[in-house]
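In the working numbering, the protein residues as written are 309 to 495.
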């Protein structure tokens, strides 16, 4: 009788162990499947965001090209020089190339002056860093100052209506701020 009871307990223990092993294997398999789904989703999201960023960059280039054309310039001729300016300012600021292209587009649209807008792109980045405002807002203020509208710069003590003088005063007051911000940002 005792041997029969021991055999029964042993059989139950073996079946329980097999059941737990089967459950563990199933749980492990499920975990692997869920992990694979998450990894696949993350990879898909990465590629989607990369494609979206590329499309946004292309749109930014098209807008810049249109602004240059409307200002009377030839984007095919001026594009490489404008991109060099964007790259130079990007190295001296925390702004992205897309943000800088949008700022340049904004200033060209406001002023109709491609060369002066290109020359003042760094100034817009400096103003954004100094006032802790977006590059878009700063480029609007610089573009307006280039046209003699300095209302948005009165808090910096710039009260002249002369566009050239306003830009020089602004450069004297905020020049270098973007570079300092970029250096502290990168460590």
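We put the CB at the ideal spot given by N, CA and C, even for glycine.
Around the C-beta of residue 492, fewer than 16 other C-beta atoms lie within 10 Å, and the residue is accordingly described as exposed. Annotation for residue 380: no residue places its beta carbon closer than 6 Å to its own, counting only its chain and skipping 5 residues before and after. Of the other Cβ atoms in all chains shown, 16 or more fall within 10 Å of the Cβ of residue 433; this residue is therefore buried. Under the criterion of beta carbons closer than 8 Å, residue 390 and residue 398 do not qualify as touching, at roughly 12 Å.
Non-local beta-carbon contacts of residue 487 in its own chain, meaning distances under 6 Å to residues more than five positions away in sequence, involve 400 in chain order. Taken through DSSP and simplified to helix, strand or coil, residue 400 comes out as coil. Residue range 405-419 is occupied by the alpha helix (DSSP H) that includes residue 416.
When rounded, the separation of the alpha-carbon atoms in residue 374 and residue 462 is 32 Å. In the three-state reduction of the DSSP assignment, residue 379 falls in the coil class. Counting C-beta pairs closer than 8 Å gives three or more between the region 427-446 and the region 476-483, which meets the contact rule. Between residue 367 and the set 489, 410, 394 and 485, the nearest pair of CA atoms involves 410. Between residue 453 and residue 471, the CB-CB gap stays under 8 Å.
In terms of Cβ geometry, residue 419 and residue 455 form a close pair [threshold 8 Å]. Looking at 473, 436, 385 and 468, the one whose alpha-carbon comes closest to that of residue 485 is 436.
Under the three-state reduction of DSSP output, residue 393 falls in the helix class. DSSP places residue 445 within a helical segment (H, G or I) once states are collapsed to three.
Annotated three-state conformation of residue 481 is helix, per DSSP.
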